[in-house]
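Colleague: Got a structure here, written out as C-alpha cells. Questions coming.
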Amino acid sequence: MTKILVIEDEKSVRENILDLLEAEDFDTIAAANGRIGVELAVSEVPDLILCDLMMPEIDGYGVLIALREESVTANIPFIFLTARAARADFRQGMELGADDYLTKPFTRDELLSAIASRLSKQANLTRKVSTFETQTISPKAQMIEKYLRRTLERRHFQQFLVYYQPIVDLSSGKIIAAESLLRWQHPELGMVSPTELIPLAESTGLILPIGDWVLKNACKQTKLWHDAGFHELRVAVNLSSHQLIQPDFSQKVMKFLLVNDLLPNCLELELTENIIMQDVNSAISTMKEVHSSGVKIAIDDFGAGYSALIYLKQLPIDTLKIDRYFIQDIANDSQKAAITTALIEMGRNLNIQTVAEGVETEQELNFLRRYKCDAMQGFLFSRPLPPAEFEKILFANKQLNV
Ligand SMILES: [Mg+2]
Numbered sequence: 008m009t010k011i012l013v014i015e016d017e018k019s020v021r022e023n024i025l026d027l028l029e030a031e032d033f034d035t036i037a038a039a040n041g042r043i044g045v046e047l048a049v050s051e052v053p054d055l056i057l058c059d060l061m062m063p064e065i066d067g068y069g070v071l072i073a074l075r076e077e078s079v080t081a082n083i084p085f086i087f088l089t090a091r092a093a094r095a096d097f098r099q100g101m102e103l104g105a106d107d108y109l110t111k112p113f114t115r116d117e118l119l120s121a122i123a124s125r126l127s128k129q130a131n132l133t134r135k136v137s138t139f140e141t142q143t144i145s146p147k148a149q150m151i152e153k154y155l156r157r158t159l160e161r162r163h164f165q166q167f168l169v170y171y172q173p174i175v176d177l178s179s180g181k182i183i184a185a186e187s188l189l190r191w192q193h194p195e196l197g198m199v200s201p202t203e204l205i206p207l208a209e210s211t212g213l214i215l216p217i218g219d220w221v222l223k224n225a226c227k228q229t230k231l232w233h234d235a236g237f238h239e240l241r242v243a244v245n246l247s248s249h250q251l252i253q254p255d256f257s258q259k260v261m262k263f264l265l266v267n268d269l270l271p272n273c274l275e276l277e278l279t280e281n282i283i284m285q286d287v288n289s290a291i292s293t294m295k296e297v298h299s300s301g302v303k304i305a306i307d308d309f310g311a312g313y314s315a316l317i318y319l320k321q322l323p324i325d326t327l328k329i330d331r332y333f334i335q336d337i338a339n340d341s342q343k344a345a346i347t348t349a350l351i352e353m354g355r356n357l358n359i360q361t362v363a364e365g366v367e368t369e370q371e372l373n374f375l376r377r378y379k380c381d382a383m384q385g386f387l388f389s390r391p392l393p394p395a396e397f398e399k400i401l402f403a404n405k406q407l408n409v
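Numbering (my numbering), first residue to last: 8 to 409.
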C-alpha cells in the first residue's frame, strides 16, 4: 500500500487531507510540525510527502533541505502545500528539489492527480534505474535487438506481418472484430516470437515505428474487408506507452482513418492497465481525445496488471478484455469464477462490452455464455491468422455454434 506522510501544522487542514487520502486507500502518517515530519520521514520512509510551506520552527523549505541531505529520504517525491501562490516561493521550492506545488485551497481532484502523477513518475524512474543497473541481456536478445535496429534503419517493413485473431459475439456466434497482432519474419532469425519481440521493442523504444506501421496496416486491411462486404468488422490494435505519449498521436490515428475512408468506430485501440498507469494523466487526455472522435477504447489483459479503479472511472472505456488467466479453467476455479462474473456484471452496469481472452475449451465457453459475457477470443474458435486465412473464414461465414 502506498504510504503518504502529511506534514501540516493546521489541524483542520491536516485532518481533511488525511480523510481524503484514507478514502482512497492510501496508508497515511501525519506530523504536526517540521521537526516531527523529518523524524517520521527518516524512520518510516514514506512513498510520498505532502508538506506545508509555512510552519513555525522548521518550515517547508527546512524540511525539504533536511530530507534531501539524508540518503534514505533524498528521493522521496515531495509536494509543497501553500496558501501563497507567489512565483518566488514556487521557484525557491523547485530549486530546492520539490517535485510539485499545490496552492491551498486545492480540490480533491487536484490533490489526487498531483499525487498520482508523482507516484507514476517515481515508478518509471525506479524501473529505469533498476533495469539499467541489473541489465543482463541474454546474447539472443542482444542479437534480436541488433537485427531489429537494422531492419528499422533500412526500413525493411516487409519483414513484419500483421496476423488477425477473430473476436466472436457470444449471443450471435458471429465474428464482430479482429485483433491485429504483430509478427516478425526475419530472413536469418526466422519467425521471432512476439513474447521475445514485444518486450524488447518496448524497452528500447523501437516499438514506436513498428506500432505506427501496424496501426497504418490494420486500417488499410480493414478497408479492404469493408469493401469486400464486411462493413461492420472492427479492428483492434494494441498500443504501447511510447505511442500514447506522442503529442500528435490522435492526429495520426485520424489520418490513417481518413486516408482509408474508414469510420472511427471501426477502430478499437487496446491499452493495458500498466501502459495507462505509466503516465496516467497523458493517457487519460489522449484517450479522451481519440475517443471523442469516435474511436473505441479497450482495456487489454484486464486484471493482470496493476491499476486503480479511480482512474478507470475517468477513462472513456468501451471494452474490457478479461485476462486469459481468469478464463483458464474458470469452470473449476471458484475464485476466478467470482472475479470474472463480477467483471461481466460491472461491464453490464457501466455499459462496457466484456471480451474473454484465451478461451480454449467448451467448458470455459459454456461458463461465459451462462454469465452473459459479450464476446470471446481464443484458440477454441481460432488462433491468430494471416490476412488471407482470416479472409477465408470471413467468406466461409465461420461462426460459433449457438
Ligand atoms: Mg491485446
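Note that CB positions come from ideal geometry on N, CA and C, so glycine has one too.
By the three-class DSSP mapping on this structure, what secondary structure does His163 have?
Modeller: For the purposes of this step, residue 163 is identified with residue 156 of the sequence shown, where counting begins at 1. The answer is coil: DSSP assigns His163 none of H, G, I, E or B.
Colleague: In whole angstroms, give me the CA-to-CA distance for Gln149 and Gln165.
Modeller: If you number the sequence shown from 1, residue 149 lands on position 142. If you number the sequence shown from 1, residue 165 lands on position 158. Those two C-alpha atoms are separated by around 22 Å.
Colleague: Decide if His163 is buried, meaning its Cβ has at least 16 other Cβ atoms within 10 Å, or exposed.
Modeller: Here the question's residue 163 lines up with position 156 in the sequence shown. Exposed is the call here.
Colleague: According to DSSP, is Ala123 helix, strand or coil?
Modeller: Residue numbering aside, residue 123 sits at position 116 when the sequence shown is read from its first letter. Reduced to three states, the DSSP call for Ala123 is helix.
Colleague: Buried or exposed: Ala345, going by 16 or more other Cβ atoms within 10 Å of its Cβ?
Modeller: Position 338 of the sequence shown holds residue 345. Flag for Ala345 reads exposed.
Colleague: Going by the C-beta, is Asp308 closer than 8 Å to any heavy atom of ligand 1?
Modeller: Here the question's residue 308 lines up with position 301 in the sequence shown. It does: the Cβ of Asp308 is within 8 Å (strictly closer) of some heavy atom of ligand 1.
Colleague: Checking the sheet assignment: what are the DSSP bridge partners for Val199?
Modeller: Locating residue 199 in the sequence shown gives position 192, where the first residue counts as 1. Looking at the DSSP assignment, Val199 forms a beta bridge with Trp191.
Colleague: Start and end of the alpha helix (DSSP H) containing Phe256?
Modeller: Residue numbering aside, residue 256 sits at position 249 when the sequence shown is read from its first letter. It spans Phe256 to Val266 - the alpha helix (DSSP H) in which Phe256 sits, taken as one unbroken run.
Colleague: Around the C-beta of Arg390, are 16 or more other C-beta atoms found within 10 angstroms, so that it is buried, or is it exposed?
Modeller: Your numbering for residue 390 matches position 383 in the sequence shown. So Arg390 ends up on the exposed side.
Colleague: Which residues does DSSP pair with Phe388 in a beta bridge?
Modeller: Taking the first residue of the sequence shown as position 1, residue 388 is located at position 381. For Phe388, which the question treats as bridged, DSSP gives no partner whatsoever.
Colleague: By Cβ distance below 8 Å, which residues in the same chain neighbour Thr141 in space, the five residues on each side in sequence not counted?
Modeller: Taking the sequence shown and counting its residues from 1, one reaches residue 141 at position 134. Confidence is the limiting factor: at Thr141 the pLDDT is only 46, short of 50, which leaves the residue's position unreliable and the question unanswerable from this model.
Colleague: Between Ser247, Ala30, Tyr108 and Ile337, which has its C-alpha nearest Lys307's C-alpha?
Modeller: Working through the sequence shown from its first residue, we reach residue 307 at position 300. It should be pointed out that residue 307 corresponds to Asp in this sequence rather than to Lys. Answer by Cα proximity: Ser247.
Colleague: In the structure shown, what three-state DSSP assignment does Lys181 receive?
Modeller: The residue given as residue 181 occupies position 174 in the sequence shown. Three-state result, Lys181: coil.
Colleague: Just checking my contact of Met8 with Asp26 at CB under 8 Å: how many whole Å lie between their CB atoms?
Modeller: Indexing the sequence shown from 1 puts residue 8 at position 1. Indexing the sequence shown from 1 puts residue 26 at position 19. Wrong, their Cβ atoms sit about 17 Å apart, outside the cutoff.
Colleague: Assuming Ala305 and Leu240 make a contact with CB atoms under 8 Å, what is their CB distance in whole Å?
Modeller: Here residue 305 is taken as the residue at index 298 of the sequence shown, counted from 1. Here residue 240 is taken as the residue at index 233 of the sequence shown, counted from 1. Actually they do not touch by this definition, with Cβ atoms about 15 Å apart.
Colleague: Sorry if obvious, but does the Cβ on Lys303 come closer than 8 Å to a heavy atom of ligand 1?
Modeller: As a first step, residue 303 must be located in the sequence shown, where it is residue number 296. Lys303 Cβ: outside cutoff for every heavy atom of ligand 1.
Colleague: Measuring straight from C-alpha to C-alpha, what distance separates His193 and Lys10?
Modeller: Along the sequence shown, read from residue 1 onward, the residue named residue 193 stands at position 186. Along the sequence shown, read from residue 1 onward, the residue named residue 10 stands at position 3. When rounded, the distance between both Cα atoms is 47 Å.
Colleague: I'd like to confirm something about Ala30: is its beta-carbon nearer than 8 Å to some heavy atom of ligand 1, or not?
Modeller: Locating residue 30 in the sequence shown gives position 23, counting from the first residue. No.
Colleague: Tell me whether Glu7, by its Cβ, gets closer than 8 Å to a heavy atom of ligand 1.
Modeller: Within the shown structure, residues of the chain are numbered from 8 to 409, placing residue 7 beyond reach of any answer.
Colleague: Is Lys230 helix, strand or coil when you go by DSSP?
Modeller: Mapped onto the sequence shown, residue 230 falls at position 223. It is helical.
Colleague: What whole-angstrom Cβ distance do Leu401 and Trp232 have, given they're in contact under 8 Å?
Modeller: Numbered from 1 along the sequence shown, position 394 holds the residue referred to as residue 401. Numbered from 1 along the sequence shown, position 225 holds the residue referred to as residue 232. Rounded, the Cβ-Cβ distance is 7 Å, consistent with contact.
Colleague: Which two residues bound the contiguous beta strand (DSSP E) that contains Thr279?
Modeller: Stepping through the sequence shown from its first residue, residue 279 is reached at position 272. Taken as a continuous stretch (DSSP letters only), the beta strand (DSSP E) holding Thr279 covers Leu274 to Thr279.
Colleague: Using only CA atoms, which one of Leu196, Met61, Asp54 and Pro53 lies nearest to Ala39?
Modeller: Within the sequence shown, numbered from 1, the residue matching residue 39 stands at position 32. Of the candidates Leu196, Met61, Asp54 and Pro53, the one whose C-alpha sits nearest the C-alpha of Ala39 is Met61.
Colleague: Using a threshold of 9 Å, state whether the C-beta atoms of Ile14 and Leu57 are closer than that.
Modeller: Residue 14 sits at position 7 when you count from the first residue of the sequence shown. Residue 57 sits at position 50 when you count from the first residue of the sequence shown. Contact: yes.
Colleague: Confirm, please, whether the CB-CB distance from Leu207 to Asn245 is below 9 Å.
Modeller: Within the sequence shown, the letter at position 238 stands for residue 245. Within the sequence shown, the letter at position 200 stands for residue 207. Cβ atoms of Asn245 and Leu207: not closer than 9 Å.
Colleague: Could you check which residue in Ser127, Ile72, Gln285 and Ala243 has the C-alpha nearest to that of His249?
Modeller: The count along the sequence shown starts at 1 and reaches residue 249 at position 242. Nearest C-alpha to His249: Gln285.
Colleague: Should the stretch 323 to 343 be called in touch with the stretch 356 to 366, which here means at least 3 C-beta pairs below 8 Å?
Modeller: Touching, yes.
Colleague: Taking buried to mean at least 16 other C-beta atoms within 10 Å of its own C-beta, is Asn358 buried or exposed?
Modeller: Residue mapping note: residue 358 aligns to position 351 of the sequence shown, counting from 1. Flag for Asn358 reads exposed.
Colleague: Whole angstroms is fine: what's the gap from Gln321's alpha carbon to Ile291's?
Modeller: Working through the sequence shown from its first residue, we reach residue 321 at position 314. Working through the sequence shown from its first residue, we reach residue 291 at position 284. Straight-line Cα distance between these residues: approximately 7 Å.
Colleague: Between which two residues does the alpha helix (DSSP H) containing Tyr332 stretch?
Modeller: Within the sequence shown, numbered from 1, the residue matching residue 332 stands at position 325. It spans Arg331 to Ile334 - the alpha helix (DSSP H) in which Tyr332 sits, taken as one unbroken run.
Colleague: Using 8 Å as the cut-off, classify the Cβ of Asn245 as near or not near the heavy atoms of ligand 2, replying yes or no.
Modeller: Because ligand 2 does not appear in the structure shown, any question about it cannot be addressed here, the ligands present being ligand 1.
Colleague: Which partner residues of Tyr360 appear in the DSSP bridge assignment?
Modeller: To locate residue 360, count along the sequence shown from 1; it is residue 353. Looking at the sequence itself, residue 360 is Gln, so the reference to Tyr does not match. Looking at the DSSP assignment, Gln360 forms a beta bridge with Thr326.
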